[in-house]
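Sequence lines, in order, name chains A and B.
If you read the first sequence in our numbering, its first letter stands for residue 1073, the second for the next number, and so on.
If you read the second sequence in our numbering, its first letter stands for residue 147, the second for the next number, and so on.
Positions of the beta carbon are idealized from the N, C-alpha and C atoms, including for glycine.
Take a look at the structure below.
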Amino acid sequence: MYAIEMVGINKHFGNLQANKDIHFSLQSGEIHALLGENGAGKTTLMRILYGLYRPDSGEILVNGQKTSILSPKDAIQAGIGMVTQHFTLVPTLTVAENVVLGYTHSQLVSQKDIEAKVKAASEKFGIHVDPSVMVKYLSVGERQRVEILKALYRNAKVLIMDEPTAVLVPQEVDALFESLLKLVKTGLSVIFISHKLNEVMAVCDQITVLRDGQVTGTVKKSATTQVDLAKMMVGRDTSGISRQIEHKIGKPIYEVKDLNALSNQGLKTLKGVSFTLHRGEILGIAGVSGNGQSELTKVLTGLLIPTSGSVFMDGQDLTHASPSTITKAGVGRTPEDRHEGMIGDLTVAENLAMEDLDKYTHNGFLDQKAIVKDAEKKIADFQIKASPTDALRKLSGGNIQKVVMARALSRNPKVVIASQPTRGLDVGATEYIRKKLLEERNRGAAVLLLSEDLDEVLALSDRIAVIYEGCIRGILPVSEATAEKLGLLMAGTC
Amino acid sequence: MFKYKIVRASAPVWMRTLIPIVAILLSFLITSIFVIIAGANPLAAFYNFLIVPLSSQSSALEVLVKSTPLILTGIAVTFAFTAGYFNIGAEGQLYAGAIAAVWIGINFPQLPSIAILPMMIVGGFLAGVLWALIPALLKVYLKIDEVVTTLLMNSIIMYFVSYLLNDYWRNPQSGYPQSPDISAAAHFVRLIPKSRLHLGFIMALLVVVIVYFLIKRTPLGLRMRASGANAAGARFAGINVSRTMLTAALVTGGIAGLAGMGEIAGIHFHLIEALSSSYGYTGIIAATLGGLHPLGVALAAVFIGLISTGSQTVSLALGVPVYLGDIVQATLLLVTLGMLLLQNYRIERR
């Protein structure tokens, strides 16, 4: 009998089929990995199991019995716990308070009482945290332990862990694995969502691989290798991709040397990143999200100051330059997250003019007519479906991205930083943005393309690098790059 | 489970214009309860609140007199809020401006109006800026919440005013806690004979127009709106968000300082502790009611001026407490804030 069986699960969001007829079975007392690239449907499937989403069709069996899970409350009732990537703890409450929160049966809460209970639970499960400490004083790893304890305290027999290692430092990862292995011996079953092959091989018994919302296979760890898993994960029909005809790459123009930077949480996220961009080339940086792409984008667009290293363009030092200096130097900057980089409450025309306010200022006043006129031109050039005076927030994602591109590219930049330029866009908008990037390259600009979409990187790039845990892994010419090779690099093997 | 869900979406234009009107009607409905408790007829009360003050020239002008400082504090708050700086300290900045205006008005008795009034205006503005400086620097350089610091600065200046009136400026004969009078040349002229409407009203309207153009038509205004709406986006576009916010945080103090200066030169001619009847805080209500649009804020300020004039009339005519006016104002604010949510959310059927 299985602890959990998910049978024929389908789920769509708009036009996107996130889960396609998925069958997934979890045995009691095993650690079962859900492996797949970003957007493969892992998290969606688990959110269905935890009652956060409702499937379009399909059913869930807990211990062989059909169970209707309509909310996390139902899931907890059925003995399912989930530890998400973003923790759900209240920082100003103590560990004990967080653990019992929403799970007390009396109206009065005695601090002593709950601390004793939580202490007993923490000893029983071998998860060591001080119940009396406020959560805000805990490290990320400790907070994760509290989340696990919280689930176990609610009598979870099945624990879903959504990319638990993404936020941890290596020592914490080891400690996590140790306690997971101990817990399954006591009868707990764990679903371990990951895209890192080495981790999956280190702790899991069974591995189910998802790709494009479908199961590509379930294998025993003992019966597989990292190379096989990588193939299952990214292996695909590449016939649809139009390879670029041999293209002449120009002189070097943009030099990034030994860049180191910290994330918001103070973790070392970029570790000695170096590469050179040449005129008339697209350098694609492939990689699973969270491997330093955000920080690299922020450093190169002037939002984050690196701890060491340098960025030079045509001999000009841009390492510590402000966003406007970088723009003026001739870098077309686009944000990784278009909603963070643009201002929804302002109009399309105002957003387009934002980098050039000096140009539009006459006698201390903004030249509204010029702003609107230039916006009309850019709107026509980039086929944006909007009028200049529309509030930007009213536009679709694709049109907002076109506004982003229009602002960055209409200055004819020498270097273009394009970070996740087509994330979340429909096919039409995606094609259009890709075409624009190729036009930039053909014009002679050097384009840096950071993308989680391996197909995109393969289709557009002249050279391809992989970013993994803040390091650049091997820069290959596109002729030598295959999906399998890149998949292995992306998953942290070789 | 639920048949309806709330989605984030902007409301259609007709709804945006309807919101203040519905807010006002709803507030009157709610405050009717208090009017009834006070033992009066709600219709009679609102007739006295809204119609009576406007039915004679002298009381209609008095409404404008009451509105003058409110327009200025409302605009001051609008200026700061637009840039995402939540200045709750207009009250204190108003007193800073008043102190400077009084000091100049007392100490240069030989100067003619043409010289001393500009000095008082500039002095009042700068004093407001100076009083806004500490919270502004704390916010921009140390990220300390301005809501708390600007609010606390209000209490500090009230104690300073108290010291000035009870010691430095204390009248040795009468012993009243009030400063000496400013020179006659330092008075704002009355715009209409036999009324208290003074030049300060024109000054307030000028400020409305200037701030309107500043916010809507200048690069600084666009930078402020961008920083206020999405600081990350503004920073990405190359805007120096810290500097923009600092500018807004200082100018807001200056405008509030003008409100204090106007009350000195136009109404009181000396400093007293009760110079402002919470104009700094009521300015926040005016700014919110006016939707942070300078012209809307000016209208809202006049409306609040009407209610506070009206609360006197109601009190005299029906024998209810003057505080009913405060209740109307407070209810209006709460209802408007609630209604503003509708601007950004829509309820949809699942």
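Less than 8 Å between C-beta atoms, sequence neighbours within five positions excluded: which residues of the same chain meet that for residue i?
i	result
D1185/A	none
Q1298/A	L1269, N1270, M1273, L1560, A1563, T1565
L483/B	T434
L396/B	V275, A278, L279, A282
What separation, rounded to the nearest whole angstrom, lies between the Cα atoms of residue i and residue j?
i	j	result
S1311/A	R1513/A	In this predicted model, S1311/A has a pLDDT of only 37, less than 50, meaning its place in the structure is not dependable; the value taken from the coordinates is given anyway. Distance between the alpha carbons of S1311/A and R1513/A is about 23 Å.
N1082/A	T1115/A	13 Å
P255/B	L404/B	21 Å
G235/B	L1107/A	55 Å
A1425/A	A1447/A	8 Å
G243/B	M1233/A	59 Å
A1302/A	I1265/A	15 Å
G1436/A	G1352/A	39 Å
I1313/A	R1535/A	With a pLDDT of 44 at I1313/A, under the threshold of 50, the predicted position of this residue should be treated as unreliable, though the coordinate-derived value follows. Cα-Cα distance, rounded: 16 Å.
V481/B	G437/B	13 Å
L1117/A	V1519/A	36 Å
Y1225/A	V1487/A	54 Å
V1205/A	A1192/A	16 Å
L368/B	R1545/A	43 Å
F359/B	S205/B	32 Å
A1168/A	F1197/A	15 Å
L1481/A	T1379/A	29 Å
What are the partner residues of residue i, as DSSP defines its beta bridges?
i	result
S1459/A	Per DSSP, none; premise fails for S1459/A.
L1586/A	Beyond the ends of chain A as shown, which are 1073 and 1566, falls residue 1586/A; an answer cannot be given.
C1276/A	C1276/A is not bridged to any residue.
R1283/A	Q1286/A
G1324/A	Correcting the residue type first, residue 1324/A is Pro in the shown sequence and not Gly. According to DSSP, P1324/A bridges with H1350/A.
A206/B	In DSSP, A206/B forms no bridge with anything.
M1414/A	BP columns for M1414/A are empty, so no partner.
L1098/A	I1076/A
A1490/A	L1521/A
T398/B	DSSP output for T398/B lists no bridge partner at all.
L1438/A	T1433/A
L1088/A	F1085/A
Is it buried or exposed for residue i, if we count other Cβ within 10 angstroms and need 16 for buried?
i	result
F1085/A	exposed
P1354/A	The residue you asked about is not Pro; residue 1354/A is Ile in the sequence shown. By the 10 Å Cβ count, I1354/A comes out buried.
T1166/A	buried
K1450/A	buried
M1073/A	exposed
P1242/A	exposed
T1399/A	buried
A1555/A	buried
Q1492/A	buried
N194/B	buried
K1474/A	buried
N1087/A	exposed
W249/B	buried
H416/B	buried
H333/B	buried
N1471/A	buried
Y427/B	buried
I410/B	buried
Q475/B	buried
V128/B	Limits of chain B in this structure are 147 at one end and 496 at the other, which puts residue 128/B out of reach.
M147/B	In this predicted model, M147/B has a pLDDT of only 43, less than 50, meaning its place in the structure is not dependable enough to derive any value.
Which residues in the same chain have their Cβ closer than 6 Å to the Cβ of residue i, if we skip the five residues on either side of it in sequence?
i	result
L284/B	I290, T295
D1309/A	Low confidence applies to D1309/A: its pLDDT is 46, below 50, so where it sits in the model is not reliable enough to give any reading.
Identify the contact partners of residue i in chain E, using a Cβ-Cβ distance below 7 Å as the criterion.
i	result
T364/B	Looking at the structure shown, chain E is missing, and the protein chains on hand are A and B.
Using C-beta distances below 7 Å, list every residue in its chain close to residue i, excluding the 5 sequence neighbours before and after it, in chain order.
i	result
G1322/A	H1350, R1351, G1352, G1516
State yes or no: is the C-beta of residue i nearer than 7 Å to some heavy atom of the ligand GDP?
i	result
L288/B	Judged by which ligands are present, the structure shown has none, so any question about the ligand GDP falls away.
Closer than 8 Å is the cut-off here; do at least three beta carbon pairs connect the region 452-463 of chain B with the region 278-286 of chain B? Counting Cβ pairs under 8 Å, fewer than three are found: no touch.
Are there three or more Cβ pairs, one per stretch, closer than 8 Å when the region 1494-1511 of chain A is compared with the region 1337-1351 of chain A? Touching, no.
Are there three or more Cβ pairs, one per stretch, closer than 8 Å when the region 1350-1365 of chain A is compared with the region 1384-1394 of chain A? Between the region 1350-1365 of chain A and the region 1384-1394 of chain A, the count of C-beta pairs closer than 8 Å stays below three; the two stretches do not touch.
contact_flag[the region 1085-1103 of chain A, the region 1278-1297 of chain A] where n(CB pairs < 8 Å) is 3 or more: The region 1085-1103 of chain A and the region 1278-1297 of chain A touch, with no fewer than 3 CB-CB distances between them shorter than 8 Å.
Three or more beta-carbon pairs under 8 Å between the region 266-277 of chain B and the region 395-409 of chain B, yes or no? Because the criterion of three Cβ pairs below 8 Å is met, the region 266-277 of chain B and the region 395-409 of chain B touch.
The region 1400-1419 of chain A contacting the region 367-379 of chain B, beta-carbon criterion three pairs below 8 Å: The region 1400-1419 of chain A vs the region 367-379 of chain B: in contact.
Three Cβ pairs or more, each shorter than 8 Å: is that satisfied between the region 1150-1162 of chain A and the region 1211-1228 of chain A? A contact is defined here as three or more CB-CB pairs under 8 Å, and the region 1150-1162 of chain A meets this definition with respect to the region 1211-1228 of chain A.
Please determine if the region 1543-1551 of chain A and the region 1378-1386 of chain A are in contact, where contact requires at least 3 C-beta pairs separated by less than 8 Å. No: the two stretches stay apart, fewer than three of their Cβ pairs being nearer than 8 Å.
Inter-stretch contact at 8 Å, needing at least 3 Cβ pairs: the region 385-394 of chain B / the region 225-240 of chain B: Touching, per the Cβ criterion.
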